[in-house]
Every structure is written in structure tokens, then in C-alpha cells.
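J.: If you read the protein sequences in the order shown, they are chains A and B.
Counting with this note's numbering, you get residues -14 to 250 for the letters of the first sequence.
Counting with this note's numbering, you get residues 7 to 338 for the letters of the second sequence.
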Amino acid sequence: MTRHGASLLQAHGVSAVLGGTEVLHEVSLALPSDQWTAIIGPNGAGKSTLLRVLAGLLPCAAGDVQLMDQPLLRWRTRERAQRLAWMSQQGESAGELSVRDVVHLGRLPHLGLLGTPAAEDEAIVQQAMRQTECAAWSERRMDTLSGGERQRVLLARALAVRAPVLLLDEPTTHLDPPHQVALVRLLQRLAHDEGLCVVSVLHDLSLALQADRVIVMAAGRVRADGPCSEAHVRQAISDVFQGAVRIERIGPQDQWVAVPQLPRE
Amino acid sequence: MASARRRLLLTLALATLALALCGLVVGSEGWSFGALTDPALRQVVWDIRAPRTAGAWLTGLLLGLSGAIAQGLFRNPLAEPYLLGSSAGAGLAVVIVLAAGHAGGQAFQLLGADALLRLGLVGAAFVGALGGVSLTLLLARGAQRSTTGLLLAGVVVGFVLGAMADLVTMAAPEALRGKQVFMLGTTGFLGWTSCGALALGALLTLPPAWRFARALDALALGEDSARSLGLPLPQVRMLMVVLLALATGTAVAQAGLVAFVGLVSPHLVRSRVQAPHRFTLMASAATGGVLLLAGDVLARSVIAPEELPVGVLTAVLGGSYLMWLLHRRGAR
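#1: Would you identify the three-state DSSP class for Met288(B), choosing helix, strand or coil?
#2: Tell me Met202(A)'s beta-bridge partners as DSSP assigns them.
#3: Which stretch, first to last residue, makes up the beta strand (DSSP E) that contains Cys182(A)?
#4: Which residues, in order along the segment 224 to 245 of chain A, keep a beta-carbon less than 8 Å from a beta-carbon of chain B?
#5: Report yes or no: is there a C-beta of chain A within less than 8 Å of the C-beta of Thr153(B)?
#6: Using 10 angstroms around the beta-carbon of Leu18(B), count the other beta-carbons present and answer buried if the total reaches 16, otherwise exposed.
#7: For the segment 253 to 281 of chain B, list the alpha helix (DSSP H) runs that are entirely contained and at least 4 residues long, ordered along the chain.
#8: If you compare alpha carbons, which of Arg206(A), Cys182(A), Ser223(A) is closest to Leu254(A)?
#9: Please report the distance separating the alpha-carbon of Ile24(A) from that of Val201(A).
#10: At 7 Å on the CB atoms, spell out the chain A contacts of Ala224(B), in chain order.
#11: On a Cα-Cα basis, can you pick out the residue from Arg68(A), His(-3)(A), Pro212(A), Asp86(A) that is closest to Pro102(A)?
#12: Quick check on the DSSP output: the beta strand (DSSP E) that includes Gln(-5)(A) runs from which residue to which?
#13: Spell out whether any CB of chain B is found under 8 Å from the CB atom of Ser73(A).
#14: Do the CB positions of Ala176(A) and Asp197(A) come within less than 8 Å of each other?
#15: Any idea what DSSP makes of His251(A), helix, strand or coil?
#16: Is it the case that the segment 173 to 190 of chain A contacts the segment 153 to 162 of chain A, given that we only count it when at least three CB pairs across the two stretches are under 8 Å?
#17: Would you be able to state if there are at least three C-beta pairs under 8 Å between the segment 62 to 76 of chain A and the segment 128 to 147 of chain A?
#18: Throw me the rounded Cβ distance for the Arg13(B) and Gly33(B) pair, which I believe falls under 8 Å.
#19: Please confirm if Ala221(B) has its CB atom under 8 Å from at least one CB of chain A.
#20: Along the chain, where does the beta strand (DSSP E) containing Met264(A) start, and where does it finish?
#21: For Glu124(A) and Leu90(A), I'd like the C-alpha separation in whole angstroms.
#22: Less than 8 Å between the beta carbons of Thr175(B) and Ala181(B), yes or no?
#23: Any beta-carbon of chain B closer than 8 Å to the one on Thr101(A)?
#24: Look up Pro25(A) in the DSSP assignment and give the residues it is bridged to.
#25: Going by alpha carbons, who is nearest to Leu39(A) out of Val183(A), Leu168(A), Ile235(A), Ala209(A)?
#26: In whole angstroms, what separates the C-alpha of Val316(B) from that of Leu152(A)?
#27: Buried or exposed, going by whether 16 or more other CB atoms sit within 10 Å of the CB of Phe80(B)?
#28: Along the chain, where does the alpha helix (DSSP H) containing Ser13(A) start, and where does it finish?
#29: Consider the Cβ of Arg399(B): report whether some Cβ of chain A lies at a distance smaller than 8 Å.
#30: If you follow the alpha helix (DSSP H) that Ala145(A) is part of, which residue opens it and which one closes it?
#31: Using a C-beta to C-beta distance shorter than 8 Å, which residues of chain B count as neighbours of Thr117(A)?
#32: So, Gly155(B) versus Ala146(B), is the Cβ gap smaller than 8 Å?
#33: Would you call the segment 79 to 97 of chain B in contact with the segment 283 to 290 of chain B, where contact means no fewer than 3 C-beta pairs closer than 8 Å?
#34: Run through DSSP, which three-state label would Asp295(A) get?
#35: Could you check where the beta strand (DSSP E) with Asp49(A) kicks off and where it finishes?
#36: Check whether the Cβ atoms of Leu314(B) and Ala300(B) sit closer than 8 Å, and answer yes or no.
Below, the structure is given as C-alpha cells:
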């Protein structure tokens, strides 16, 4: 078990290079349990790259990443996979596999290639499918699903790992508004009720502003880090998006939202 | 879904039995069901038709399995067993042995050596197939980096070794006929010894393929997702390449380059059922067996007492079905 609020994942001065270009510059951050963090920024800001570095899928050119106080790459591959689940931005087709087959893959870090799923694994898979509302069509082929449905399956696959750290790359891109809201509620619940360290890259700013903490990135650097209630975070958002959005509080719950600033004709 | 899988397995089992029976009763004289009870023909059935039928089934089994492994590993429905240089390697080795055999001419005949040449061809084809794959691995610097790199290396090795085989054939045109037989694929030389080698190949490849099939399921989600699930990607890739090379090498060594079975078998399975790779691999192997059994029976009977090259028939059968499948999908 992890300590309440303990830092599960840390990056120390991390830089990363893609195709000979440095796309992350000396990023340092600590990501604790019980918290949902949203990473935002314009296209090419290095958000997905940061997530891949944190997941151990891309090597650091400089600096290092620590998972539960141990260098990420020193963990055995399977042990790391049990503690850190990652959901890709664009899953591949997985055509002939059924939804259930794909979600079952989430148990692979625990079972290994040769293990046989037990009743407990089946229960976890069922719960993950219920959480993302894909249990009703668990026998359908992946290539018959819409983008949003596929995204919910891939999220269920990540949830089925039952890892204390959950890294999600743009989990809401193809979702309709009701499912976007359901996802936000789910991420909040996972962080606050189940104590997970949830980190998600999001393009929808209004959804991202509901997170406990917002990391604002631009040109491979962290420009601001904190809850949206802090003025410097809101200012950084306005700056990195070149004034194209205004952050406001609206509604009876005083929610933060990002309003596009349309130039007058 | 489970019932669709059961139906497919039952169909494959019945087709295998029916075609195996056909294989025992069809010969150069045409169809003769009396052959099974006729004491005079029992020898022919036991020594020639039975091993040929069993050998054709086992060869198809290995090709179907390696086709499914290739398509799973490369996540490409056009992938086939010969992609990693095994066919070109085997082809070159066979041509070299044929050219050397003819160059050694007289000495070879004195040694009595049709059997020796045949043994040499089988061994050379096997070594050549594995050599072609090893060269591909060498060029791709192992299976460490990317699957695309492996695929490109296989294509390059295929072209280079193919060109070398052409050069040898130009220098020793007598090898051309033998090379053609090898390139078209034939079940005509399969005896009990071949069956032993093919069965060993099947025993060495089918169980590990079954055990490690979930790796291909994980790979279907993409390499990053597979790695994030704790899959040791380089080792998994290497294991799959070894299984692919072993299955293809064994089949090619015994029956030459039988076309299309490896490519079409997984498609036939996927057109009938959706299933994880554990099922797809095994069902593709069984489908490959059925396809080559059918090809063998037709090869013997269509223009009896002459024979057609079985590879031509499998290409016609498998290709036609694939075209129909594509047409049907396009029409939907």
C-alpha cells in the first residue's frame, strides 16, 4: 500500500529527444497518490512525450524518473507494469480481438504470458468494463467500434491493471459530452476514493480544469503547475494559448471553464 | 461466439478426415476405393499415398501456423511465412546443391545418388531457410529494435538472395528444372522420413506458439501498449521469429515453396470467427492442413496420370477464395 499523498512518480530534470530534436527540457515534477493531475498545452508542447517518458516507454536524454522511490528503469518490466498503467493516445486496431479479450490484457502484468486468469481476474475485468460502460458489448470486435467506444475499452484495459499509477494520453478525445463527464467523475473517484495517482494529458481545457492540479506546458517546458484556482496557472494557460481562451467561473458550482476568445470581425 | 469456434473446428476436423481418405484412394490410376482393401494395392497405399497424405497435411499445418504467426507479429494481414528471407535462402541453397550435383555429374551417379541428391536438397533447403532468416536478423541487428526494421531487412534479404539464386541458375542452367519444381512446391516426394521431420517440426513449434500466443494479442494493441503491459518485446519477437523460421524451414525443406497456404489460412479463420491469437494460430494451422490436403488430392487427380504442381493449385484455390472474400467485403 502507498502512503496517503506520497509521491509515487517523480521526474528530476528530465529531457527527451525525438528525431534528433530535444522536445522536453529539464522537466521536474512529483506526482502523488490521491491526486488527479491534468497536463495541458498547445500542440507540440511535449505533453504526450512527457507521459511516455514517465511510463518508461521513451528513454530520458538527461535526468531520471523514479517510480516509488526507485529509478523507473531499474524495475523489472513486469513489476513496473503492475504499478504503472498507460493508455495510448491512439490505440492500434486490435481488429479481431473482442472487447473482453482486450480488457483481459490488462491482467497480463499480473499473470504473465503463461498464467491463466482466475475468478478474481475475471471480476476485475468485469468491474473495469462496468466503470467505462463497455460491459454491454463485451463480445463485439474492436474494429466494429466507434472511436469513443474504442477509447472506453482501452481505458478499461488500463483500469484492469489495477496499478497505483494511471497515465492516460488524451482519454476524452473521441468521447461525447455525457461520457466525458462520466470520465471526469471516474478519474476524480479513482484519485480521491481509491488513492490512485492519476495523470492525464487533455486537450479539452474545461475538462482539464476540473483536475486537482494542472500542469501547463509549452515548447517542452513546464510553464505552471498547480490548481486552477491559482492565478499564475490561469495566466500561464492564457499565455501558452496566446490569449485564445479566457478562464472563468460559471454555474451554481462555481466551476472553472475555458471560454474561446473569438476575435471580432 | 464459442459455438462459431466449435463449428469451425468441427468443419476442419471433418474436412481433414474426408480429404485424408481421398488422399489414400486417389492415385495415378484415378480414384479407387478398393485400394484400401485390395492386398495388392496395400503396399502402394502404405508406402506412397499414406506418407504423402500425412506429409501434405503436416506441411500445410506448419505453413498455416507460420502464416498466422507472421500476420500477428507484423500486425499486417499481408504478411506471410516467407517474408523473413526463408524462401529466398532455401531457394538459393537448393539451386547451389542442384548446380553442384550436376557439376559433379558422373561421380554423383556412381554414388547412386538420386537419394543422396534428395537428402542434400532437403538439408540445404532447411539450412538455407534458417540462414535466410538469420541474415535478416543480422541485418536488423537482432529483434531488439522495431518490427518494421525486421520486415524491411527480410525484404532486402529476399531480393539479394533471390538475385544470387538467379546468377547461379544462369551459370548452371541445368539447375533450372529442379529449381522450378522447388519454387512451385510439390508433395510428390513426401515419404515417411519426411513425415517424421515434419512431425518433429510441428511438435517443436505448435506447443510454444499456443503457450505464448497472448503476446500476439498484446502486440495487436501496438508496441508501446505491449511494452506498458510488461511484455519483454525483444525476447517475444525473437521467439516468434524462431518459431516462424523453424516451421517454414521444415515445410519448405520437404515440399518446396508451396504458395498461398500461409497467407490465406489465417484469413479464412478470421473470416469465420473472432478469437484471440491462441485460437487463430491453432485454427490457421488446421486450415493450412486442410488446404494442402485438398491441393494434394487435386494435384494427383485433375490430369491423372500426370500431376500438377501442388503450389499452383493452392495458389488457385486459396487465391480464388481470398478474391471472393475481398469482393464480398467490398460489396458490404
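Note that beta-carbon positions come from the ideal geometry of N, C-alpha and C, so glycine has one too.
Values in this document were obtained by computation on a predicted structure and should not be read as measured data.
T.: Put simply:
#1: The sequence position of residue 288(B) within the second sequence is 282, counting from 1. Residue state, collapsed to three classes: helix.
#2: Counting from one through the first sequence, the residue named residue 202(A) turns up at place 217. Answer by DSSP bridge pairing, in chain order: Val207(A).
#3: Here residue 182(A) refers to the residue found at position 197 of the first sequence. 182 to 186 is the extent of the beta strand (DSSP E) around Cys182(A).
#4: Cβ contacts with chain B: none found.
#5: Translated into positions along the second sequence, residue 153(B) becomes position 147. Closer than 8 Å: no.
#6: Position 12 of the second sequence holds residue 18(B). The residue is buried, with at least 16 neighbouring Cβ atoms inside 10 Å.
#7: 267 to 278
#8: Examination of residue 254(A) is not possible in this model, given that chain A is present from -14 through 250 alone.
#9: As a first step, residue 24(A) is located in the first sequence; it is residue number 39 there, counting from the start. As a first step, residue 201(A) is located in the first sequence; it is residue number 216 there, counting from the start. Within the model, the alpha-carbon separation for Ile24(A) versus Val201(A) is close to 6 Å.
#10: Here residue 224(B) refers to the residue found at position 218 when the second sequence is read from its first residue. By Cβ distance, chain A contributes Leu90, Leu93.
#11: Working through the first sequence from its first residue, we reach residue 102(A) at position 117. Cα-wise, what sits closest to Pro102(A) is Asp86(A).
#12: The residue you call residue -5(A) lines up with position 10 of the first sequence. Here the beta strand (DSSP E) through Gln(-5)(A) covers -8 to 3.
#13: Position 88 of the first sequence, counted from the first residue, corresponds to residue 73(A). Taking Cβ atoms only, chain B reaches closer than 8 Å to Ser73(A), which makes this a yes.
#14: Within the first sequence, residue 176(A) is the residue found at index 191, counting from 1. Within the first sequence, residue 197(A) is the residue found at index 212, counting from 1. For Ala176(A) and Asp197(A), yes; Cβs fall inside 8 Å.
#15: With chain A covering only -14 through 250, there is no way to say anything about residue 251(A).
#16: yes
#17: yes
#18: Reading the second sequence from its first residue, position 7 is the one you call residue 13(B). Reading the second sequence from its first residue, position 27 is the one you call residue 33(B). Contact doesn't hold; Cβ gap of about 33 Å is too wide.
#19: Along the second sequence, read from residue 1 onward, the residue named residue 221(B) stands at position 215. Cβ-Cβ to chain A under 8 Å: yes for Ala221(B).
#20: Because chain A here runs from -14 to 250, residue 264(A) falls outside it and cannot be looked at.
#21: Within the first sequence, the letter at position 139 stands for residue 124(A). Within the first sequence, the letter at position 105 stands for residue 90(A). Approximately 15 Å, taken between the alpha carbons.
#22: For this step, residue 175(B) is matched to residue 169 along the second sequence. For this step, residue 181(B) is matched to residue 175 along the second sequence. Yes, Cβ-Cβ distance for Thr175(B) and Ala181(B) is below 8 Å.
#23: Locating residue 101(A) in the first sequence gives position 116, where the first residue counts as 1. Thr101(A) does not count as touching chain B.
#24: For the purposes of this step, residue 25(A) is taken as the residue at position 40 of the first sequence. As written in the sequence, residue 25(A) is Ile, which differs from the Pro given in the question. Under the DSSP definition of a beta bridge, Ile25(A) partners with Val201(A).
#25: Here residue 39(A) corresponds to residue number 54 of the first sequence, with the count starting at 1. Nearest in C-alpha terms to Leu39(A), of all of Val183(A), Leu168(A), Ile235(A), Ala209(A), is Val183(A).
#26: To locate residue 316(B), count along the second sequence from 1; it is residue 310. To locate residue 152(A), count along the first sequence from 1; it is residue 167. Roughly 53 Å separates the two Cα atoms.
#27: Against the second sequence, residue 80(B) aligns to sequence position 74. Counting Cβ neighbours within 10 Å, Phe80(B) comes out buried, since at least 16 surround it.
#28: If you number the first sequence from 1, residue 13(A) lands on position 28. Unbroken run through Ser13(A) is the beta strand (DSSP E), 6 to 17; no alpha helix (DSSP H).
#29: Outside the shown range of chain B (7 to 338) lies residue 399(B), about which nothing can therefore be said.
#30: Taking the first sequence and counting its residues from 1, the one referred to as residue 145(A) is at position 160. Looking at the DSSP string, Ala145(A) is not in any alpha helix (DSSP H), and its letter there is neither H nor E.
#31: Stepping through the first sequence from its first residue, residue 117(A) is reached at position 132. Here the premise fails: no neighbours, minimum Cβ distance about 16 Å.
#32: Counting from 1 along the second sequence, the entry for residue 155(B) is found at position 149. Counting from 1 along the second sequence, the entry for residue 146(B) is found at position 140. Contact: yes.
#33: no
#34: Any answer about residue 295(A) is impossible in this case: the structure gives chain A only from -14 up to 250.
#35: Residue mapping note: residue 49(A) aligns to position 64 of the first sequence, counting from 1. Segment 47 to 52, the beta strand (DSSP E) holding Asp49(A).
#36: Position 308 of the second sequence holds residue 314(B). Position 294 of the second sequence holds residue 300(B). Contact flag unset, no.
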